[in-house]
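Each remark here refers to the structure printed beneath this line.
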Amino acid sequence: MMRNWMRLILTAALGLAIGLPSDAGSATGDGEALAGRWIDPSHIWKPLFDGQSLKGWVQVGEEGAWAVQDGEIVVAKPGKGWWLRTAKMYRDVDLRLEFWLPPGANSGVGIRGSSVGDPAFTGFEVQVFDSFGKEPTVQHCGAVYNAIAPTKQAVKPAGEWNSMRIRVVRDTLDVWLNGEQIHTAQKLDERGHHHRVEDAMPLKDRLTTGYIALQDHGHAVRYRKIEVRDLSPDPEPEGLDGGGYESLFNGRDTSGWFKTGIARWEVVEGTLVGRDGPGHLFSEREFGDFELRALVKVNRRGNSGIYFRTVPNAQNRDSWPTGYEAQVDNHDPRNFTGSVYNKAWPKATLPVTRDDAWFDYRILAIGNRIQTWINGVAMVDAELEEFSRGHIALQGHHPGNEIMYRDVRIREIVPASAEPKAE
Numbered sequence: 009m010m011r012n013w014m015r016l017i018l019t020a021a022l023g024l025a026i027g028l029p030s031d032a033g034s035a036t037g038d039g040e041a042l043a044g045r046w047i048d049p050s051h052i053w054k055p056l057f058d059g060q061s062l063k064g065w066v067q068v069g070e071e072g073a074w075a076v077q078d079g080e081i082v083v084a085k086p087g088k089g090w091w092l093r094t095a096k097m098y099r100d101v102d103l104r105l106e107f108w109l110p111p112g113a114n115s116g117v118g119i120r121g122s123s124v125g126d127p128a129f130t131g132f133e134v135q136v137f138d139s140f141g142k143e144p145t146v147q148h149c150g151a152v153y154n155a156i157a158p159t160k161q162a163v164k165p166a167g168e169w170n171s172m173r174i175r176v177v178r179d180t181l182d183v184w185l186n187g188e189q190i191h192t193a194q195k196l197d198e199r200g201h202h203h204r205v206e207d208a209m210p211l212k213d214r215l216t217t218g219y220i221a222l223q224d225h226g227h228a229v230r231y232r233k234i235e236v237r238d239l240s241p242d243p244e245p246e247g248l249d250g251g252g253y254e255s256l257f258n259g260r261d262t263s264g265w266f267k268t269g270i271a272r273w274e275v276v277e278g279t280l281v282g283r284d285g286p287g288h289l290f291s292e293r294e295f296g297d298f299e300l301r302a303l304v305k306v307n308r309r310g311n312s313g314i315y316f317r318t319v320p321n322a323q324n325r326d327s328w329p330t331g332y333e334a335q336v337d338n339h340d341p342r343n344f345t346g347s348v349y350n351k352a353w354p355k356a357t358l359p360v361t362r363d364d365a366w367f368d369y370r371i372l373a374i375g376n377r378i379q380t381w382i383n384g385v386a387m388v389d390a391e392l393e394e395f396s397r398g399h400i401a402l403q404g405h406h407p408g409n410e411i412m413y414r415d416v417r418i419r420e421i422v423p424a425s426a427e428p429k430a431e
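Take 9 as the starting number for the sequence shown in this note's numbering and just add one per residue.
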């Protein structure tokens with residue numbers, strides 16, 4: 009580990025000496041440095057499309073609008089497919105694929121998109137467009153749609169196959185089109201707007217974890233040879249269903265939850281929003297050992313938490329629950345985001361999140377061992393014996409508070425002693 013970090017420091021120093029961006033990738037025999045983070049060689053390329061089926065993908069539009077023909081993913085019903093997304097979510101990712109466009113066609117590759125809503129704006133979209141021979145704009149091929157134009161126009165004429173590679177680590181993006189780098193260490197910053205320029209949607213405020221998606225914009229586009237390297241420090245488990253996770257929040261309403269206290273909860277465009285407080289939203293189900301992931305965003309000076317192994321307060325149901333709380337607070341000097349409130353604290357001395365920005369919360373509870381991660385950064389690893397089973401609860405803390413949750417997913421873990429024995 010020390011050797012890798014020394015190599016990372018030397019790589020950054022060399023980059024400064026010869027004028028490279030400080031977060032430019034530099035490969036070595038043991039890994040590479042990207043966006044200030046060491047990527048070890050365990051992050052290997054894996055097929056995202058098996059060439060025969062849509063296994064591992066979810067059709068968001070009309071069933072059958074996307075199909076597999078001759079080893080390619082095709083839009084079989086143009087205008088009916090909306091998006092085809094992966095079952096698994098990714099944060100830091102390296103993606104490569106090939107695409108084919110008929111004349112005048114429009115499509116795109118969504119990165120860090122959500123399960124509900126338009127991935128082009130909940131995450132971001134790298135545009136796939138028949139713009140051969142045109143000056144590059146924020147809507148032409150290779151652009152970060154409505155945000156960052158490519159440095160050059162590298163797409164081939166319609167009817168020819170193109171290769172594309174997209175790599176995003178933290179807030180840094182690199183894109184290659186037909187072997188030419190068209191985005192180099194681009195920052196996902198304040199740039200970006202919705203369909204109108206005046207409707208700002210800064211890239212820095214969008215999801216930091218989400219799905220990879222292919223867009224149907226009404227044209228018979230084709231994709232093939234899709235491969236991915238998951239560069240996240242804590243990648244999700246492999247699996248057709250995203251590693252065995254199930255959704256706790258359906259993206260439409262609060263079915264499967266019950267409320268206590270005075271906080272107000274509603275679903276807005278696929279986001280579970282809690283306002284004011286105090287109050288809590290409890291899962292109807294109880295859990296013992298589990299792994300939970302959620303995308304979270306809190307407003308300025310906001311405060312919330314994800315309670316687990318918890319029950320409503322026995323003396324006052326509308327008061328603070330009894331159980332563990334994975335804290336959401338970017339300002340408490342001790343119990344900041346990632347801590348288990350008043351029970352376990354990160355080794356870090358400063359929060360790794362900020363207000364008004366999405367982040368990925370991961371909680372792993374197995375027996376007495378409780379662990380938390382924020383955007384892949386390890387926070388708490390503690391032995392806690394007080395609670396063994398209970399609900400999941402989301403907190404609304406105080407008047408003026410606003411908390412948002414998306415893609416709340418859980419994976420139950422069966423203790424080895426409870427697994428059926430082979431005969």
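Even for Gly, the Cβ is constructed at its ideal location relative to N, Cα and C.
Bridge partners for residue i per DSSP, in chain order?
i	result
D389	Q379
R317	Per DSSP, none; premise fails for R317.
S255	R417
L273	Going by the sequence as given, residue 273 is Trp instead of Leu. Looking at the DSSP assignment, W273 forms a beta bridge with G282.
D182	R175
E143	BP columns for E143 are empty, so no partner.
Y369	A302, I382
P55	E235
H191	V183
K212	Partner(s): none; K212 has no beta bridge.
I47	E40
E133	G118
N307	Paired residues: none, contrary to the question.
N170	F107
R230	V82, W108
From residue i to residue j, what distance separates their C-alpha atoms?
i	j	result
A334	D368	13 Å
R168	Y153	Before going further, note that residue 168 is Glu rather than Arg in the sequence given. Computed Cα separation, rounded: 22 Å.
A21	W46	Note that A21 has pLDDT 40, beneath the 50 cutoff, so the model's placement of it is unreliable and the number below is only indicative. Those two C-alpha atoms are separated by around 14 Å.
M347	T262	It should be pointed out that residue 347 corresponds to Ser in this sequence rather than to Met. Cα-Cα distance, rounded: 26 Å.
N307	G285	14 Å
E391	I400	19 Å
N324	G200	46 Å
L248	Q60	Confidence at L248 is low in this model, with a pLDDT of 37, below 50, so the placement of that residue should be treated as unreliable; the coordinate-derived value is given next. So the alpha carbons of these two residues sit roughly 15 Å apart.
F107	R175	17 Å
K351	F395	12 Å
M387	R362	15 Å
D126	E393	43 Å
P165	W184	17 Å
L109	W53	25 Å
N186	R104	11 Å
D213	D364	7 Å
E133	K63	23 Å
E274	H203	25 Å
Taking the continuous beta strand (DSSP E) assigned at residue i, which residues delimit it?
i	result
A157	Counting along the chain, A157 falls outside any beta strand (DSSP E), and DSSP gives it neither H nor E.
F290	287–295
T130	Counting along the chain, T130 falls outside any beta strand (DSSP E), though it belongs to the alpha helix (DSSP H) covering 127–130.
Y98	91–98
Y219	218–223
R104	101–108
A75	74–77
Q403	398–404
V66	65–67
V163	Careful: V163 lies outside any beta strand (DSSP E) and carries neither H nor E.
Y83	With the sequence shown as reference, residue 83 is identified as Val, and Tyr is not the correct amino acid for it. 80–83 is the extent of the beta strand (DSSP E) around V83.
Using a Cβ-Cβ cutoff of less than 6 Å, which residues in the same chain neighbour residue i once the five nearest sequence positions on both sides are dropped?
i	result
Y349	E333, Q335, N343
R417	Y253, S255, R301
V385	V360
A157	P144, T145, V146, A151
G33	Below a pLDDT of 50, predicted positions are generally treated as unreliable, and G33, at 40, falls in that range; the measurement from the model is reported next regardless. Excluding positions up to five away in sequence, the list reads E40, L42.
E188	A162
W74	Q67, G89, L92
Who are the Cβ neighbours of residue i in its own chain at under 7 Å, not counting the five residues just before and after it?
i	result
D321	The sequence given here places Asn at residue 321; Asp does not occur at that position. Here the set comprises S327, W328, P329, T330.
S139	H148, C149, Q161, V163
D238	H51, Y98, V101
W90	V68, G69, D224
Q135	G116, Q147, H148, C149, G150, A151, Y153
P354	G346, S347, M387, V388
Q379	L372, V388, D389
S240	Y98, R99, D100, G384
H339	R309
With hydrogens ignored, establish whether the beta-carbon of residue i is closer than 7 Å to any heavy atom of the ligand COA.
i	result
N307	Among the components of this structure there are no ligands whatsoever, and the ligand COA is therefore not found.
Residues in its own chain within less than 8 Å of residue i by CB, not counting five upstream and five downstream?
i	result
L215	R120, G121, S122, T130, G131, L303, W366, R414
H227	V83, P86, L109, P110, G112, A113, N114, S115
T318	F290, P329, T330, G331, Y332, E333, F395, G398, H399, I400, A401
D297	A373, I374, G375, E420, I421, V422, P423
E410	V281, G282, R283, V306, N307, G310
A356	G346, V385, M387
What are the start and end residues of each continuous beta strand (DSSP E) run of 3 or more residues lying completely inside the region 312–356, in chain order?
312–319, 330–336, all fully within the region 312–356.
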